[in-house]
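Residue numbering for the sequence shown is -29 to -1, 1 to 259, as defined by mature numbering (1 follows the signal peptide of the UniProt record, and there is no 0). Each residue gets a CB set at the ideal place from its N, CA and C atoms; glycine is no exception. To start, the structure under review is shown below, and the notes come after it.
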Amino acid sequence: MGTQYRPSSKRWLKTTLLCATLSSLFACSNIPKLPPLAENQQYRHNEVIWHDLITPNLKKSADFYQQLFGWQFEDTADQYNLIRYQGQLIGGAAEVVTEERASHWLPLISVKDVDATIDPISQQGGKALIPSFKIPGRGTVGVAQDNQGAVFGLIATNAGDPVKPAINNNSWLWHELWSSNISTAENFYQQVFQLSVEEKNIAGIDYHYFANSHKTPELGLINKPSQKMPDTLASYIKVKDVRATAERAVALGGSILMTANDKLRGGNVAIIKDPNGAGFIIQEMNIE
C-alpha cells in the first residue's frame, strides 16, 4: 500500500451527487422534529459547529464508528441518529439510499441567517445546492458550495450553538479547506464569513488559516493533494495512535486512502474511508 494520496471518483463524493443525495433526504415536507443542538442562547457564528454523516447504511456506519472511536449512535427520528461521545453531542447521521450508495461527512457552519448568507455566497461565485428549510426543534439549515466547488452546510440554530468542545482523542480536531486556488479561497471566505487570513510557520512550511474576530484559528487552508479531486472541506479527528487507528479501521471494514508518511506532518496524519465510503482524516497530536 502506497503512502501517497491516490484520488478516485469513488472515494470523494462529487458535488452533483452530494446535492442529489441530500435533496432526497430533505425533499419530503414531513421533516421530523429533532432535539436542539444547545439551549444556551449563545452562538458561534462563522464556525463549523456540527457534522452530519450521510450514509446508505446507518447500522453499518454506526457499528464502524462505535468500535473505532467509541461514539454512541442514538435513535431520534426515522433514518436519523444523533452521535455522542462521552455524553456530548458531536454530530448526526442520516440514512439515504441512492443508486450510487454514496456516503459523505458534511460540516455545518453556524450563521445568523441562512438566506442572508446565501446572498454573499452567490455574489462571490458560489451557490446554494439546497435552499433553506426548517428542522423543527433545531433551526434553519441549507447546503451550499463555494466558488471552487467545496460543499458545506449552513445552520442557524433556534436556541444556541454547542459550546466549543475540549479537544480529546476520538473527537473532532480541526477543519481544513483543500483548495485548487488558495488566493481565490481566501477572498471568498473573507467576504462571506468575515474571517481573517493568517499565516504560521510550522516545521518550515508557511501554513495559511482563517481566524475569527478574536484571532482564534477556525479553518485551515492548503492546496488540495491532487488536482483530480474536487475542492473539499475536510474534517480531522484526533487519535492517540494514527497507525494503530488506521489498522483498526481496516479491520472494521474501512480502507486507507493515504497512509501515515514520515515526510508529511511527521507521520501523524492518515486519510481513512469508512465501510460506506465517507472520508475523514485522523491525526495524532500532543496538545499542551
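Can you give me the start and stop residues for the beta strand (DSSP E) that residue i sits inside?
i    : result
D46  : Q43 to A48
N172 : S167 to I173
I243 : V240 to K244
Q254 : G250 to E255
Q59  : Q59 to E66
Y207 : T203 to V210
Q116 : G110 to Q116
D177 : I176 to A182
I138 : Careful: I138 lies outside any beta strand (DSSP E) and carries neither H nor E.
I97  : Rather than Ile, the amino acid found at residue 97 in this sequence is Gly. That residue, G97, is in no beta strand (DSSP E); it is neither H nor E in DSSP.
I75  : Checking the sequence, you will find His at residue 75 rather than Ile. H75 to S81 is the extent of the beta strand (DSSP E) around H75.
A121 : Unbroken run through A121: none, as it is neither H nor E.
Thinking C-alpha only, which one of the options is nearest residue i?
i           : options                   : result
M256        : D245, A220 and A241       : A241
residue 260 : D202, N239, L39 and A222  : Outside the displayed range of the chain (-29 to 259) lies residue 260, so it cannot be described from this structure.
Q38         : G225, V114, W143 and K199 : G225
V163        : A182, I89 and I193        : I89
N11         : K135, N232 and Y180       : K135
L60         : V68, V67 and T47          : T47
W143        : P3, A222, W76 and S206    : S206
S191        : Q13, P107 and H146        : In the sequence as displayed, the identity of residue 191 is Gly instead of Ser. With distances taken between Cα atoms, G191 lies closest to H146.
Q161        : H179, K171 and G175       : H179
If I measure Cβ to Cβ from residue i and keep anything under 7 Å in the same chain, skipping five residues before and after, which residues do I get?
i           : result
M(-29)      : Residue placement at M(-29) cannot be trusted, given a pLDDT of 34 that sits under 50; what the coordinates show is reported in the next sentence. Closer than 7 Å at the Cβ level, and outside the excluded window around M(-29), lie I227 and T230.
R219        : L39
residue 317 : Since the first residue shown for the chain is -29 and the last is 259, residue 317 is missing from the structure and cannot be characterised.
H185        : none
N247        : T26, P27, N28, K31, S32 and S74
E45         : N52, L53 and R55
G62         : W21, H22, D23, L24 and I54
A249        : L24, T26, S74, H75 and W76
K105        : T111
Can you give me the Cβ contacts of residue i inside the same chain, cut-off strictly under 6 Å, excluding the 5 residues immediately before and after it?
i           : result
L204        : P78, A121, F123 and L148
C(-2)       : Residue confidence is low: C(-2) scores 49 on pLDDT, short of 50, so the model does not pin down where it sits. Its coordinate-derived value is still stated next. There are no such residues.
E157        : V168
S(-21)      : Note that S(-21) has pLDDT 38, beneath the 50 cutoff, so the model's placement of it is unreliable and the number below is only indicative. Within the same chain, S(-21) has no close Cβ partners at all.
G183        : It should be pointed out that residue 183 corresponds to Asn in this sequence rather than to Gly. Within the same chain, N183 has close Cβ partners E189.
S103        : V85, D86, T111 and G113
D245        : F35 and G225
residue 260 : Limits of the chain in this structure are -29 at one end and 259 at the other, which puts residue 260 out of reach.
T(-27)      : Because the pLDDT at T(-27) is just 40, under 50, the model does not fix this residue reliably, and the value given afterwards should be weighed accordingly. These residues qualify, in order along the chain: T230 and N232.
R214        : A231
Q13         : G131
Check whether the Cβ atoms of residue i and residue j sit closer than 8 Å, and answer yes or no.
i    : j    : result
F251 : I208 : yes
D177 : A9   : no
Y36  : W42  : yes
N152 : K211 : no
T216 : I253 : yes
L5   : A64  : no
F159 : Q95  : yes
P7   : R109 : yes
Closer than 8 Å by C-beta to residue i: which residues in its own chain qualify, once you throw out the five before and the five after it? Chain order, please.
i    : result
I92  : K98, A99, A115, D117 and V163
E66  : T26, P27, N28, L29, Q50 and Y51
V221 : I227
K171 : D177, Y178 and Y180
P107 : I2, P3, K4 and L5
Considering just the uninterrupted stretch of the alpha helix (DSSP H) at residue i, what are its terminal residues?
i    : result
I92  : V85 to Q94
Q161 : I153 to F164
A219 : The question names Ala, but residue 219 in the sequence shown is Arg. Looking at the DSSP string, the run of the alpha helix (DSSP H) that includes R219 is V213 to A222.
Q198 : Here Q198 belongs to no alpha helix (DSSP H), and DSSP marks it neither H nor E.
Y51  : Careful: Y51 lies outside any alpha helix (DSSP H), inside the beta strand (DSSP E) at Y51 to Y56.
Y14  : Y14 -> no alpha helix (DSSP H), and no H or E assigned at all.
D34  : L29 to F40
Assess, as a yes-or-no matter, whether the segment 49 to 61 is touched by the segment 165 to 176 under the definition of 3 or more beta carbon pairs within less than 8 Å. no
Hey, is the segment 27 to 45 in contact with the segment 78 to 85, meaning 3+ C-beta pairs nearer than 8 Å? no
Cβ pair count under 8 Å reaching 3, the segment 8 to 23 against the segment 125 to 135: yes
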